[in-house]
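Scroll down for the structure; my scribbles are underneath it.
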Amino acid sequence: MINFLKGEAYYLKKDSMFRGICFMFLFASILLLVWIGTQVGFDISSPAQPLTMATPLSLFLYFIIPIHACFFATEGFEYGSVKNIIASGQSRSSYIIGKYLTEIKVIIWWVFQFFGIFYALYMAATLTTGSHIGNNNLSGDLITVFSALGFNILYLAAYSAIVMMVGMLVRKTASAVVITFLIIFGDFMLFGYLKDSSYAFLRMVSDNTLMTQIMKFSGMYVANSQHILLAGINDYIRVTLIPIIIVAICLIVTLVSFEKRDIHT
Numbered sequence: 032m033i034n035f036l037k038g039e040a041y042y043l044k045k046d047s048m049f050r051g052i053c054f055m056f057l058f059a060s061i062l063l064l065v066w067i068g069t070q071v072g073f074d075i076s077s078p079a080q081p082l083t084m085a086t087p088l089s090l091f092l093y094f095i096i097p098i099h100a101c102f103f104a105t106e107g108f109e110y111g112s113v114k115n116i117i118a119s120g121q122s123r124s125s126y127i128i129g130k131y132l133t134e135i136k137v138i139i140w141w142v143f144q145f146f147g148i149f150y151a152l153y154m155a156a157t158l159t160t161g162s163h164i165g166n167n168n169l170s171g172d173l174i175t176v177f178s179a180l181g182f183n184i185l186y187l188a189a190y191s192a193i194v195m196m197v198g199m200l201v202r203k204t205a206s207a208v209v210i211t212f213l214i215i216f217g218d219f220m221l222f223g224y225l226k227d228s229s230y231a232f233l234r235m236v237s238d239n240t241l242m243t244q245i246m247k248f249s250g251m252y253v254a255n256s257q258h259i260l261l262a263g264i265n266d267y268i269r270v271t272l273i274p275i276i277i278v279a280i281c282l283i284v285t286l287v288s289f290e291k292r293d294i295h296t
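The working numbering puts the first residue of the sequence shown at 32, with every later residue one more than the last.
Here is the structure:
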């Protein structure tokens, strides 16, 4: 498994898509700095405030990272490397787990790259311009920031588990990409169009989608003209359990399917 993980890490270093997305997030961090700076200036009430302003804008990560997970899941079938890896003695289950763990590392890297670069640039701009740096509600801002970062990683891991399951079942990159777009936008539509439905069942479906939870912990969920935030231990338990259950189900389905089906490339 260790050698396989090292091989996947080496593949990513050479992968043009991985490097392209790294550059995209770098560019996005700079654009976000310019946009927020021109809108509200660089005065901050606490050292953690820049990240509290950025976390609600993390939604676009969910339209990029799952696509990478899709390509990463199917590349072994497209190029035939999966046959060679299995033939070399790597078990099928360790192949799946290794792929998923590698994608988790990629998710963590991109989340901290995007927010880390933005924060470093924002603080540099604040210090350079001599803007005010307060110390109000620092502990509250830190709790908000670290909760949002942790939940973003967890929910991106859940989306990646779904997408990798689809990729392993379909095994064709083009088809898997189309299905991935349908999953992402379908989840977004379920959140947007069903949350105000007159039917209790449809509202229940909407209230348990991944996108609904993302909107809540990002501070963007609005109902009856009011922002709905996470409040109380039950909300945090629910927001944590939903993606964990999805990851477990998707990995089980992927492992069982991959063990039983022949490998054709």
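Every residue gets a Cβ at the ideal spot worked out from N, C-alpha and C, and that includes glycine.
Every value quoted in this text rests on a predicted model; they were computed, and no experiment measured them.
CB contact flag (residue i, residue j, <8 angstroms)
i: L221; j: S206; result: no
i: R202; j: F108; result: yes
i: T211; j: I98; result: yes
i: L169; j: P78; result: yes
i: I116; j: Y186; result: no
i: Y131; j: L282; result: yes
i: T243; j: Y230; result: no
i: T83; j: T175; result: yes
Residue i versus residue j - alpha carbon distance
i: K291; j: D266; result: 38 angstroms
i: E106; j: R269; result: 34 angstroms
i: A40; j: G129; result: 10 angstroms
i: M235; j: W140; result: 34 angstroms
i: T271; j: D293; result: 35 angstroms
i: Y110; j: M32; result: 21 angstroms
Supposed contact pair residue j and residue i - C-beta distance, whole angstroms, cut 8 angstroms
i: S297; j: M199; result: Not covered by the structure: residue 297. The range shown for the chain is 32 to 296.
i: G72; j: S191; result: No, G72 and S191 are not in contact; Cβ-Cβ is about 37 angstroms, not under 8 angstroms.
i: I215; j: Y93; result: 7 angstroms
i: T133; j: M195; result: Contact flag wrong, Cβ pair sits at about 10 angstroms.
i: F145; j: A59; result: 7 angstroms
i: T157; j: I148; result: That belief does not hold up - the Cβ atoms of T157 and I148 are roughly 15 angstroms apart, past 8 angstroms.
i: N167; j: S76; result: 4 angstroms
i: P274; j: A189; result: 4 angstroms
Assigned exposure category for residue i - 16 Cβ within 10 Å defines buried
i: Q70; result: exposed
i: W66; result: exposed
i: S89; result: buried
i: D218; result: buried
i: F177; result: exposed
i: K37; result: exposed
i: D172; result: buried
i: I96; result: buried
In chain order, which continuous runs of the beta strand (DSSP E) of length 3 or greater are located wholly inside the stretch 150-231?
-> Within the stretch 150-231, no beta strand (DSSP E) run of at least 3 residues lies entirely inside it.
Which runs of the alpha helix (DSSP H), 4 residues or longer, sit entirely within the stretch 83-128?
-> Taking only runs of at least 4 residues, the alpha helix (DSSP H) segments lying wholly in the stretch 83-128 are 96-110, 112-118.
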